[in-house]
Every structure is written in structure tokens, then in C-alpha cells.
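Throughout the sequence shown, residue numbering follows this note's numbering, covering 565 to 654 in sequence.
For glycine and all other residues, C-beta sits at the position ideal for the given N, C-alpha and C.
This report refers to the structure that appears directly beneath it.
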Amino acid sequence: MVETEMSFTDSDRERVMERLDEADIIVATNYYYRRGAGGGEFIRELAKKGKKLVVVTNSPYLDAPEFTTEIISFGNGPRSAEQIAKVLFE
Numbered sequence: 565m566v567e568t569e570m571s572f573t574d575s576d577r578e579r580v581m582e583r584l585d586e587a588d589i590i591v592a593t594n595y596y597y598r599r600g601a602g603g604g605e606f607i608r609e610l611a612k613k614g615k616k617l618v619v620v621t622n623s624p625y626l627d628a629p630e631f632t633t634e635i636i637s638f639g640n641g642p643r644s645a646e647q648i649a650k651v652l653f654e
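And the structure:
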């Protein structure tokens, strides 16, 4: 797992790319926040890497054709994250 800032930094990109070969599936969050930048550009970049990608988001407004698997939670709190993890890993 690689934890990143909400708006991906250069350091975040480097750390993710360094570990990309370790993953069979990428699970990435792409939260919409109307007052700040999201991670859509970086998530689109990850989608081009040829790995299975699951995008977890709180809004349907971030939909992109390259995201073939999306979970839209309409929430961004700890409880939402716990429930998404159950769906994915149990």
C-alpha cells in the first residue's frame, strides 16, 4: 500500500511508480472536492499501465472511459472506507 496526499505530489507519483510492479491490481481513490484538485490525471496515467484498476470515488462526476471498474460511495469517511474494503477483500 502506498498512502498519498489528496492532490498527488511528485513524491507520491515516484513512490507509487516504484512499487507498481509489486501489484496485480491497483485500487486507487479519486475523491471529488469542489474546492481542490482531485487525482484524476494521475489515476488516468495509472490506467494506461496495463494493470487491473479499481477506482474508488465519492462522486459520479469523476467518471472516465478508461476507468473500467469504479466504486462510487458518495462518502469519504472512515465508515465508507471500511465498507468498501469489505466489498473488495472479503
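Secondary structure at valine 618, three-state DSSP: helix, strand or coil?
strand
Mind checking which residues open and close the alpha helix (DSSP H) that includes alanine 649?
642–653
Am I right that tyrosine 596 and methionine 570 are in contact with their C-beta atoms under 8 angstroms? What's the rounded C-beta distance?
Not really, about 10 angstroms apart at Cβ, beyond 8 angstroms.
Are the CB atoms of isoleucine 636 and isoleucine 648 within a distance shorter than 8 angstroms?
no
Nearest CA to the CA of alanine 645: which residue from Val619, Asp585 and Phe631?
Val619
Can you say whether glycine 639 is buried or exposed, counting buried as having 16 or more other CB atoms within 10 angstroms of its CB?
exposed
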